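With my numbering applied, the sequence shown covers 290 to 451.
Note that CB positions come from ideal geometry on N, CA and C, so glycine has one too.
These numbers were taken from a predicted model, which means no experiment stands behind them.
Notes follow once the structure below has been shown.
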Amino acid sequence: MKINSKKYTFLIVLVLGMMSISYAQQRGGQRPERGQRPTPPSFEELLEKMDANDDGKLAKDEVEGPLARDFKRIDTNEDGFISEDELPKGKPDRKRRKANNKDGLTLTSVFKDMDSNEDKKIAKEEAKGIIAKRFDELDLDNDGYISKVEMSKALKKINKNN
Numbered sequence: 290m291k292i293n294s295k296k297y298t299f300l301i302v303l304v305l306g307m308m309s310i311s312y313a314q315q316r317g318g319q320r321p322e323r324g325q326r327p328t329p330p331s332f333e334e335l336l337e338k339m340d341a342n343d344d345g346k347l348a349k350d351e352v353e354g355p356l357a358r359d360f361k362r363i364d365t366n367e368d369g370f371i372s373e374d375e376l377p378k379g380k381p382d383r384k385r386r387k388a389n390n391k392d393g394l395t396l397t398s399v400f401k402d403m404d405s406n407e408d409k410k411i412a413k414e415e416a417k418g419i420i421a422k423r424f425d426e427l428d429l430d431n432d433g434y435i436s437k438v439e440m441s442k443a444l445k446k447i448n449k450n451n
């Protein structure tokens with residue numbers, strides 16, 4: 290029995306279509322629509338995946354990805370572990386996402402890193418890197434300290450001029 294070219298083409302398309310459906314189902318079904326992010330995992334899911342010693346807490350050496358990168362910022366009580374209460378809920382707000390640069394640093398994380406005595410301001414001795422070099426420019430009220438508000442205003446001013 291001879292199969293004509295239209296039937297042959299139809300059979301090939303049908304088989305390829307079935308194979309692609311099967312492949313999509315193996316990969317977890319539908320993907321989120323463009324522009325939508327998948328729902329972040331729950332704390333329990335993170336524990337199941339990352340808690341190597343089953344102590345119910347996530348230590349810095351157990352986490353990976355964004356949790357590892359932002360560990361210091363997320364660990365608000367600075368006990369060396371991320372607890373369920375410290376884990377951010379949902380997606381970050383728009384301001385925080387805008388403040389992130391390509392390294393994942395935020396104004397808050399940079400400020401916290403330099404404010405060694407935790408007095409909510411950076412003295413000239415505490416400043417590091419470019420902040421130390423541009424200290425006088427960032428100290429808008431010339432009081433010898435940079436507050437978070439001053440740093441934010443100065444950075445906006447610098448970005449506007451660039």
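Proximity of ALA357 and LYS349 at Cβ, strictly below 9 Å: yes
DSSP bridge partner residues for LYS410 (one or two, in chain order): SER436
Unbroken alpha helix (DSSP H) run spanning LEU356, endpoints: 355-358
Buried or exposed by the 16-neighbour rule on C-beta atoms within 10 Å, applied to ASP359: buried
According to DSSP, LEU347 sits in a beta bridge with which residue or residues? ILE371
Alpha helix (DSSP H) containing LYS417: first to last residue? Careful: LYS417 lies outside any alpha helix (DSSP H) and carries neither H nor E.
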